[in-house]
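Here is the structure we will look at, set down as structure tokens.
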């Protein structure tokens, strides 16, 4: 019966309990359009969380990915607008590559200069945001100038339902992208050499080095992947909300890191799973979105998120208590 | 490197401090050279002496948390909450034109006490989470930062609280003997903290815990209690910064000074604080604040956008870190 001791099981149980509670307060929670909306809000945060998950497992931390996401998104869309480009695939490749390159900068500082990851990523995040707003531009690109194909792509749906009164709602097809990326990260973590080396690096750096894992490649892979996923998610986000705001994603790092830790990943490294992260992201997004339908004043939202972060981290700290010092 | 090594001997063989002084002088010379008529005006230095104490206090607060290998990301939340609680208190008790002057002064003193107690209580919460419950400092203080900012938002409902009493703005804008009050407050706090860190049990214990936590544990140091005190001290300094900030702007708001957080962390690291613990001085942090103040005021006088100044700060930090790493490798 070991399944009951796994953190995925625990978070799934908590998630279920929370859903039942919210449903009791307001049965509107269980309506299909609310659930579809919830899933939709998971996609962008979830894709970023997959990258952060890998960074946390490797024993690092990344607070620069929202800045990378916004840089990749804004640069790509500016380029699309300037060139009048009508495709979808190439922009996503560009955004992913921008994220990858910026992530590699983090890796250089973490691996070669050996600065602790928090300081490095605070610094690179500030630089990228400053560069974007100071050199590229601070003005928002609104729906009228947004590239049409991108919006059409992000609007595609798996299921579309027409209400009696003519309003329409549906399940976004972007959830397929999210699922595919989650599966890919899961397979990489569990079934490839680099995936195992990420766990090894986070578990015990010195042991991993002596066993012969290539720690330089691992570090570059982890931070590069986190940047690339953030870049991809950033562009997807602007397609889904129909505008490109160079000040977007401010403060998102906390939400995403909280979601990943909520999903059972250890901030000390060496522990964490994709399934847990998916649950953690869903939990966080659900609490954020459900305060409104639970008729709680939205000014309490930050207090709620903070309390969740503290409860989740205190619980994992208790679980990992043997590992401290 | 000749000049660098001379300076090193001069400044008490302290490697980092020497390098920092050198960098500060270089930054000053560069900014003075680029726009001498504006940068060297006394007015520029006077305005720096009003602005830098907030940032300096916040940086020292971060440095104290870093001494034990921790970090305090909730300082801005604490500063704003302190100012807002004091402001809410004034709105409740002071009626314009009715309250006599002496009573207002007493209320302002009570407001200061409320703000400082807020900082202590917030620091206590951080300390309990980190020292007793063993939550990682990054996550604990990120979480409490949300709570403090959230409470500020709940209290104000979003907009800024304005209309602080005149005595309160004296703390942020006043002058005593021709010197800015914030500057004098910073000086007093810096000297007090420097004394605590270098001459008292608490300071010595914090350094030892940060240098080798396991050894400190086996040596019987009261680790939990010391770490608890260090976060309370951080909270106290943050609330003092909050008082100065709300006094200077005559307003308090839940999202003031959010860019200070990053800057305070950067300054603490630039000032020679080791983020993994065991090393950090008030003097180093104070010099680093000055260096960055010269840098940003110089660029602002040249009409660089604030965004670009952020970019330059980030680049400056990474550059200095890389420089330190390079020098440590050759040694």
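Residue numbers (this note's numbering), protein chains in the order written: chain L, 308 to 632; chain D, 254 to 584. We put the CB at the ideal spot given by N, CA and C, even for glycine.
{"Check": "Between which two residues does the alpha helix (DSSP H) harbouring residue 553 of chain D extend?", "Outcome": "535-554"}
{"Check": "Nearest-angstrom Cα distance between residue 632 of chain L and residue 617 of chain L?", "Outcome": "Unreliable positioning characterises residue 632 of chain L in this predicted model, as indicated by a pLDDT of 44, which lies under 50. The coordinate reading is nonetheless provided below. For residue 632 of chain L and residue 617 of chain L, the distance between alpha carbons rounds to 21 Å."}
{"Check": "Taking Cβ positions only, does residue 423 of chain L come closer than 9 Å to chain D?", "Outcome": "yes"}
{"Check": "Under DSSP, the alpha helix (DSSP H) around residue 493 of chain L begins and ends at which residues?", "Outcome": "481-498"}
{"Check": "Pairs of beta-carbons, one from the region 550-561 of chain L and one from the region 390-400 of chain L, closer than 8 Å: are there three or more?", "Outcome": "no"}
{"Check": "Is there a C-beta anywhere in chain L that falls below 9 Å from the one on residue 344 of chain D?", "Outcome": "no"}
{"Check": "With DSSP run on the structure shown, which of helix, strand or coil describes residue 472 of chain D?", "Outcome": "coil"}
{"Check": "Give the straight-line distance between the Cα atoms of residue 286 of chain D and residue 514 of chain D, rounded to the nearest whole angstrom.", "Outcome": "30 Å"}
{"Check": "If you draw a straight line from the alpha carbon of residue 467 of chain L to that of residue 478 of chain L, how long is it in whole angstroms?", "Outcome": "7 Å"}
{"Check": "Which of the residues in the region 385-403 of chain D, read from start to end, lie with their CB under 9 Å from any CB of chain L?", "Outcome": "386, 387, 388, 389, 391, 392, 393, 395, 396, 397, 398, 399, 400, 401, 402 and 403"}
{"Check": "Hey, does residue 421 of chain D have any beta-carbon neighbour from chain L nearer than 9 Å?", "Outcome": "no"}
{"Check": "With a threshold of 16 other CB atoms inside 10 Å of the CB of residue 358 of chain D, please say whether the residue is buried or exposed.", "Outcome": "exposed"}
{"Check": "If you drop the 5 nearest sequence neighbours on each side, which residues of the same chain put their C-beta closer than 6 Å to that of residue 619 of chain L?", "Outcome": "568 and 569"}
{"Check": "According to DSSP, simplified to helix, strand and coil, what is residue 299 of chain D?", "Outcome": "helix"}
{"Check": "For the putative contact between residue 524 of chain D and residue 273 of chain D, defined by C-beta atoms under 8 Å, what is the C-beta separation to the nearest angstrom?", "Outcome": "7 Å"}
{"Check": "Just to check my reading of the structure: residue 348 of chain L and residue 596 of chain L have Cβ atoms closer than 8 Å, yes? What is that Cβ distance to the nearest angstrom?", "Outcome": "6 Å"}
{"Check": "Using the three-state DSSP reduction, which class does residue 475 of chain L fall into: helix, strand or coil?", "Outcome": "strand"}
{"Check": "For residue 403 of chain L, I'd like the list of residues in its chain whose CB is within less than 6 Å of its CB, leaving aside the five on either flank, ordered along the chain.", "Outcome": "535, 538 and 539"}
{"Check": "Going by C-alpha distance, which of L:353, L:327 and L:335 is nearest residue 583 of chain L?", "Outcome": "L:353"}
{"Check": "If I'm right that residue 333 of chain D touches residue 507 of chain D with Cβ under 8 Å, what's the distance once you round it to whole angstroms?", "Outcome": "6 Å"}
{"Check": "Exposed or buried, what is residue 591 of chain L when buried is set at 16 or more other beta-carbons lying within 10 Å of its beta-carbon?", "Outcome": "buried"}
{"Check": "Could you check what DSSP says for residue 346 of chain L in three-state terms: helix, strand or coil?", "Outcome": "helix"}
{"Check": "With distance defined between alpha-carbon atoms, name the residue in L:576, L:531 and L:545 nearest to residue 624 of chain L.", "Outcome": "L:576"}
{"Check": "With C-beta atoms as the reference, is residue 488 of chain D less than 9 Å away from residue 386 of chain D?", "Outcome": "no"}
{"Check": "Please list the partners that residue 505 of chain L has in chain D, where partner means a Cβ-to-Cβ separation under 8 Å.", "Outcome": "Correct list: empty, because the minimum Cβ distance to chain D is about 19 Å."}
{"Check": "Is there a Cβ from chain D that is less than 9 Å from the Cβ of residue 511 of chain L?", "Outcome": "no"}
{"Check": "If I measure Cβ to Cβ from residue 474 of chain D and keep anything under 7 Å in the same chain, skipping five residues before and after, which residues do I get?", "Outcome": "458, 461 and 462"}
{"Check": "Run the CB neighbour count on residue 544 of chain L, radius 10 Å, all protein chains shown included, and call it buried at 16 or more, exposed below.", "Outcome": "buried"}
{"Check": "Using a Cβ-Cβ distance under 9 Å, would residue 491 of chain D count as near chain L?", "Outcome": "no"}
{"Check": "How would you call residue 570 of chain D, buried or exposed, if buried means at least 16 neighbouring beta carbons within 10 angstroms?", "Outcome": "buried"}
{"Check": "Could you give the distance in angstroms between the alpha-carbon of residue 376 of chain L and the alpha-carbon of residue 542 of chain L?", "Outcome": "7 Å"}
{"Check": "Just the chain D side, please: which residues come within less than 7 Å of residue 428 of chain L by C-beta, in chain order?", "Outcome": "Those do not exist, as residue 428 of chain L stays about 11 Å from chain D at its closest Cβ, beyond 7 Å."}
{"Check": "So, helix, strand or coil for residue 275 of chain L, using DSSP?", "Outcome": "Residue numbering for chain L in the displayed model covers 308 to 632; residue 275 of chain L lies beyond these limits and cannot be assessed."}
{"Check": "Verify whether the separation of the beta carbon atoms of residue 362 of chain L and residue 489 of chain L is less than 9 Å.", "Outcome": "no"}
{"Check": "When the Cα atoms are used, what is the spatial distance from residue 576 of chain D to residue 421 of chain L?", "Outcome": "12 Å"}
{"Check": "Determine contact between the region 405-422 of chain L and the region 542-557 of chain D, defined as no fewer than three beta-carbon pairs at a distance below 8 Å.", "Outcome": "no"}
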